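In our numbering, the protein residues as written are 45 to 144.
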Amino acid sequence: MKKDRLIVLTDAVLAIIMTILVLELEKPTTPSLEAFWDLRQNFFACFLSFFWLGSLWMALNTLWEKVEKISSEIIWWNLFLLLERQEFSLENFMPSKIPV
45 MKKDRLIVLT DAVLAIIMTI LVLELEKPTT PSLEAFWDLR QNFFACFLSF
95 FWLGSLWMAL NTLWEKVEKI SSEIIWWNLF LLLERQEFSL ENFMPSKIPV
């Protein structure tokens, strides 16, 4: 496998996760500052998750420059990393998702 294919897969998965974060945000019931303020925890969790995933993407881009040959071990570690980021992103811990 060429390195570019794995990089594109990684970028696509992270882009999809980041898009889903934004799509999962609740819309305020009314267009007022109070309605936005009531959802501040959700927006903050989304912002943190987005920043965290963006930082991961930047770090991965730096690491890909050092990779010369793609082995099956690198592919499996990359897939595990993507699965772990998707499953344990901060978005899953938004107040609306935590059972009370």
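Yeah, the Cβ is synthetic: ideal placement off N, Cα and C, and Gly gets one too. In this text, all values refer to a predicted model and were calculated from it rather than measured experimentally.
- Measuring C-alpha to C-alpha distances from Leu125 to each of Thr54, Met45, Arg49 and Lys46 identifies Thr54 as the nearest.
- Take the alpha-carbon of Lys46 and the one of Ile119: they are about 11 Å apart.
- Given a length threshold of 4 residues, each whole run of the alpha helix (DSSP H) inside the region 59 to 112 is given here in chain order: 77 to 82 and 84 to 108.
- In its chain, beyond the 5 residues on either side, no residue has a beta carbon closer than 8 Å to the beta carbon of Phe88.
- Rounded to whole angstroms, the gap between the alpha carbons of Leu123 and Phe94 is 19 Å.
- Excluding five sequence positions before and after Trp101, the CB atoms of its chain that fall closer than 6 Å to its own CB belong to Leu58, given in chain order.
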